[in-house]
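Under the working numbering, the first residue of the sequence shown is numbered 34, with each subsequent residue one higher.
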Amino acid sequence: MKQYLKLDPWSIIEEGFDPQNHEISESIFSIGNGYMGQRANFEELYTGPSLQGSYMAGVYYPDKTRVGWWKNGYPEYFAKVLNSTNWIGIDIYIDGVALDLAVCKVKDFVRELNMKEGTLSRSFIAELPDGKEVKVEAIRFTSIARREIGVIRYAITPLNFNGSITFTPYLDGDVKNKDSNYDEKFWLEVLKEVTPEDAALTIKTKKLDFHVTSVMAYTVHQNGNPVSVTPEATHKEKYVAHSFKLGVQAKEQVVLYKYVANVTSRDHGYGQLLSVGRTALQSAKEIGFQPLLEEHIKAWADKWSESDIVIDGDVAAQQAIRFNIFQLNQTYNGEDDRLNIGPKGFTGEKYGGSTYWDTEAYCLPFYLSTADDSIARNLLVYRYKHLEKAKENAKKLGFSKGALYPMVTMNGEECHNEWEITFEEIHRNGAIAYAIYNYVNYTGDISYLGQYGLEVLAEISRFWEERVNYVPAKDKYMILGVTGPNEYENNINNNWYTNSMAVWTLKYTLEVLEHLQKNEPSVYKELVAKLDLKEEETSKWSDIIAKMHYPYDEERQVFLQQDGFLDKDLTPVKDLDPSNLPLNQQWSWDRILRSVYIKQADVLQGIFTLRDQFNLDEVKRNFDFYEPLTVHESSLSPCVHSILACELGYKEKAYEMYLRTSRLDLDNYNNDTEDGCHTTSMAGTWMSVVHGFGGLRVQNGVLHLNPFNPGHWKSFSFKVMFRSSRLKVTVSEHDVTVLNETEAPANVNVYGNDYTVNGLSHIQISI
Ligand code: BGC
């Protein structure tokens with residue numbers, strides 16, 4: 034845990050430059066627009082430790098798999114979103130000496146991520162080794178109004194000398210991924226062009242032929258007036274630059290505005306990239322920095338008006354929740370159904386920028402409530418489009434039918450290569466099925482089931498049908514050799530969560546079939562024919578539903594995480610000497626596997642997901658049993674515990690878990706923020722406010738709220754979009770207000786009572 038950032042409701046602020054924190058800050062201060070994103074690297078040269086990273090969504094590389102011992106069924110490659118052209122670079126030389134914060138004395142350093150406006154800025158005074166001082170003020174953004182455009186304003190003022198400054202704005206495609214399996218570089222040069230007006234670079238991936246073209250241009254102002262410069266061109270392999278020298282007087286400011294367009298072959302034909310990039314760049318340059326900034330700020334204002342959460346009376350919590358919402362909105366905007374949400378977004382390379390079950394289990398609810406239905410729908414369509422690959426995956430592993438979605442993927446193919454996860458963490462199939470229910474239940478878009486949903490559900494059900502094991506002696510079905518969400522246990526039998534999700538999927542698939550048969554008979558007929566669905570299959574599903582084995586402890590009346598769970602030493606985490614934590618950094622893997630400690634919500638994940646199936650006593654018994662054994666060493670864990678603690682009225686626990694999830698990266702709780710932020714778990718943080726403290730659920734097409742003030746806040750408010758209304762819910766100490774910000778009346782249920790909130794008016798209910 035490390036706390037060095039200033040508290041502020043709308044900004045993340047770092048005061049003073051400590052190189053020890055730089056890589057953590059590079060992650061935290063990342064910016065992006067759903068189409069591209071980058072770590073908060075410096076524009077000018079920096080020779081200290083840094084992870085340079087600029088990423089284009091969906092541009093990836095199939096890096097050859099690296100494993101210790103090859104096992105049949107492993108994928109050939111691990112897809113990773115590539116570190117792509119570094120387009121922010123501006124080298125600065127002062128009378129021939131490089132400006133490099135690793136060797137300068139740095140004063141008055143401030144770095145700020147303005148979340149309201151979506152900008153990253155930095156100012157500082159640097160004293161060079163020869164005693165010359167310059168003041169730098171830089172600001173940049175990746176436009177969310179024009180997704181291919183990035184803009185930088187870089188201002189530099191000599192403070193104590195007259196001399197010369199050489200500026201070298203550049204595009205550098207000679208970059209590599211830190212996580213490259215064989216230390217390989219993945220890019221080849223295709224084209225570079227430097228004209229007096231601009232410079233362009235096209236690089237392509239060594240495999241898959243993704244092309245990325247970046248085009249840059251700039252304007253220069255000295256003392257407030259535009260100046261024209263005569264640049265020298267520099268070409269190196271995969272690198273283009275302009276260089277120009279300006280004579281400067283002390284206290285006279287020089288401002289460089291750098292405009293860059295980044296376009297890719299995902300969206301444009303290979304032959305068009307340069308002209309498309311140039312046109313986008315020219316129009317950005319003509320519009321100019323300030324108007325571009327204003328349209329970007331306006332676009333952020335629209336996003337905030339749909340998704341902001343306001344916490345009154347606790348600035349740490351306020352800053353944290355906005356940080357989480359900001360990062361989610363920077364990572365995915367739902368415009369492109371080929372894209373998804375990597376666990377680190379654009380903030381780092383760990384997890385390869387690929388798609389995990391995190392999307393369905395954690396992120397979907399955020400996008401369901403804070404954006405148009407089409408956005409969440411695109412997340413589902415993404416999986417629909419991968420169905421054929423999921424069927425191939427099941428075949429490859431020896432199943433005769435059905436679909437096993439990959440644990441980690443970019444294009445639908447499995448990329449993960451540890452047997453205990455790739456082959457065993459099959460609960461992901463349950464989350465993907467559940468997301469269909471979640472979407473339809475929330476939006477009411479029942480047509481999705483006939484259009485796409487049933488096919489996915491049926492193929493997942495077929496997978497479960499073959500994956501279960503019938504044990505005649507017990508007349509029970511079992512699921513053997515799995516890893517549940519708790520990855521601190523592998524190859525276990527009958528993980529309660531996995532068995533429950535399998536049965537839930539089978540039940541829901543049967544319900545959907547019945548619904549279609551009754552309400553959309555022609556669609557039903559077509560789909561049954563397309564799927565070649567047989568009666569013997571559906572009756573087998575019913576049999577599995579009736580006879581699934583669930584590990585249970587009669588004495589404690591709790592569901593058991595797996596068979597044999599109680600054979601372990603049940604010493605709670607609080608009785609461990611704190612020097613043992615985090616276990617994944619202090620203990621051998623062997624010791625972790627034999628212990629009782631739970632990495633992340635597992636049984637509780639199931640209770641949270643399938644909440645309607647359990648009464649409050651069951652929730653309480655299971656929570657009281659599992660929470661003391663959970664170490665929350667996955668960022669996905671505390672939010673689930675926080676939400677359940679809210680329902681149980683465990684105010685302090687709910688708040689403790691909320692702080693842990695919401696400030697996970699800002700306070701570097703898990704000591705790993707330099708690898709990137711935990712973007713997917715940020716959606717869990719949002720859930721812990723809206724589903725936890727707000728108690729939001731959707732039942733029979735009605736939005737239910739059960740708000741709970743954690744006691745540390747004067748009030749909090751959140752916004753949700755639900756069935757063509759946008760509601761703002763404010764929870765203060767003594768009352769709950771629901772404001773309908775749209776025109777049509779909305780029905781809500783608060784604390785068990787039904788209300789109609791007329792358009793543009795509100796209701797107030799005492800707590
Ligand atoms: C968690 C998984 C998760 C992955 C990516 C792992 O540490 O155990 O549940 O899918 O991180 O976020």
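We put the CB at the ideal spot given by N, CA and C, even for glycine.
Helix, strand or coil at residue i [DSSP, three-state]
i, result
"R416", "helix"
"F726", "helix"
"M581", "strand"
"T455", "helix"
"I525", "strand"
"S675", "helix"
"R627", "helix"
"D698", "coil"
"Q71", "strand"
Supposed close pair residue i, residue j - CB separation, criterion 8 Å
i, j, result
"R756", "G477", "6 Å"
"G381", "D708", "5 Å"
"A188", "E170", "4 Å"
"P42", "Q352", "6 Å"
"E458", "T516", "5 Å"
"V735", "N786", "About 11 Å; that fails the 8 Å criterion."
"R371", "G91", "6 Å"
"K418", "A436", "Wrong, their Cβ atoms sit about 12 Å apart, outside the cutoff."
"W529", "Y583", "6 Å"
"I127", "G196", "7 Å"
Nearest residue (CA-CA) to residue i, options the options
i, options, result
"M69", "D700, L412, T175, H419", "T175"
"V723", "Q85, L760, T789", "L760"
"T531", "N357, F359, D635, Y110", "D635"
"Y438", "E492, E685, Q360", "E492"
"I640", "N366, P518, T442", "P518"
"N527", "T538, I236, I512", "I512"
"S721", "A350, I578, D700, P554", "A350"
"S494", "K434, P505, K509", "K434"
"S340", "I354, E327, G346, E328", "I354"
"Y203", "F194, E226, Y415, K211", "E226"
"G728", "Q797, H745, Y784, L772", "Y784"
"W719", "L397, Q323, Y485", "L397"
"R589", "F647, N655, I625, K607", "N655"
"V136", "R155, K165, I123", "K165"
Cβ-based burial, residue i [other Cβ within 10 Å; buried from 16]
i, result
"Q595", "buried"
"I800", "exposed"
"T238", "buried"
"T541", "With the sequence shown as reference, residue 541 is identified as Tyr, and Thr is not the correct amino acid for it. Buried is the call here."
"L603", "exposed"
"M690", "buried"
"K557", "According to the sequence as given, residue 557 is Tyr; it is not Lys. With 16 or more Cβ atoms within 10 Å of its Cβ, Y557 is classed as buried."
"D391", "buried"
"M89", "buried"
"W102", "exposed"
"N256", "exposed"
"E77", "buried"
"M440", "buried"
Limits of the alpha helix (DSSP H) - the one that residue i falls within
i, result
"Y467", "460-476"
"V343", "V343 -> not in any alpha helix (DSSP H); beta strand (DSSP E) instead, spanning 342-345."
"F656", "649-659"
"V273", "Note, V273: premise wrong, no alpha helix (DSSP H); beta strand (DSSP E) at 272-281."
"P42", "Taken as a continuous stretch (DSSP letters only), P42 belongs to no alpha helix (DSSP H), as it is neither H nor E."
"S494", "487-500"
"V664", "Counting along the chain, V664 falls outside any alpha helix (DSSP H), and DSSP gives it neither H nor E."
"Y395", "Element bounds for Y395: n/a, residue is neither H nor E."
"E319", "306-320"
"F50", "Counting along the chain, F50 falls outside any alpha helix (DSSP H), and DSSP gives it neither H nor E."
"F641", "636-642"
Residue i, enclosing beta strand (DSSP E) - first and last residue
i, result
"H548", "Not the beta strand (DSSP E): H548 falls in the alpha helix (DSSP H), residues 529-552."
"V790", "786-790"
"M89", "87-97"
"H55", "Looking at the DSSP string, H55 is not in any beta strand (DSSP E); the run it does join, the alpha helix (DSSP H), is 55-61."
"R759", "758-765"
"A353", "It is not in any beta strand (DSSP E) - A353 instead sits in the alpha helix (DSSP H) that spans 348-364."
"F174", "166-175"
The ligand HEM heavy atom lying under 7 Å from the CB of residue i
i, result
"D600", "Ligands displayed in this structure: the ligand BGC; the ligand HEM is not among them."
Within-8 Å CB hit, residue i to chain C
i, result
"E76", "Of the protein chains in the structure, only one exists, and it is not chain C."
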